[in-house]
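Numbering (the numbering used here), first residue to last: 343 to 467.
Backbone N, C-alpha and C fix where the C-beta goes; we use that ideal spot for every residue, glycine too.
Before any comments, here is the structure.
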């Protein structure tokens, strides 16, 4: 699997502009991040951003995997997220999973409980 320094993946990207995942996509694009992809089982594209249906379909190891799924939805994805080995994982509010946190720490994948929107707006992304 290729490795792209600026490749960012939004797990749980929504086509609803009122959803935080969609707002994060918009703000990432506005801040010049063009190498974005989303993961959603029922969508294929949102405003030009390609979406795949599973973690295993990603074409490259991302620099950042930002999460917008509840912990109960994330737990079955933990093995594939760890196998993906992203450069970092951001657990946005509502996606905090102890199972993923423990697995990421064991795999030495940087993980932080933070809000992508806040990180972008405060230039900490």
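Identity of the residue in the options nearest residue i by Cα
i           : options            : result
residue 456 : 426, 436, 379      : 436
residue 354 : 375, 403, 385      : 385
residue 449 : 387, 464, 430, 462 : 430
residue 387 : 352, 451, 447, 467 : 352
Rounded distance between the beta-carbons of residue j and residue i, thought under 8 Å
i           : j           : result
residue 439 : residue 416 : 5 Å
residue 379 : residue 400 : 7 Å
residue 428 : residue 406 : 7 Å
residue 445 : residue 424 : 5 Å
Residues bridged to residue i [DSSP beta-bridge criterion]
i           : result
residue 392 : 387
residue 430 : 406
residue 350 : 378, 406
residue 454 : 432
Per-residue DSSP class, three states only, for residue i
i           : result
residue 417 : helix
residue 423 : helix
residue 438 : coil
Inter-residue Cα distance where the pair is residue i and residue j
i           : j           : result
residue 389 : residue 365 : 12 Å
residue 398 : residue 442 : 17 Å
residue 370 : residue 376 : 8 Å
residue 403 : residue 426 : 6 Å
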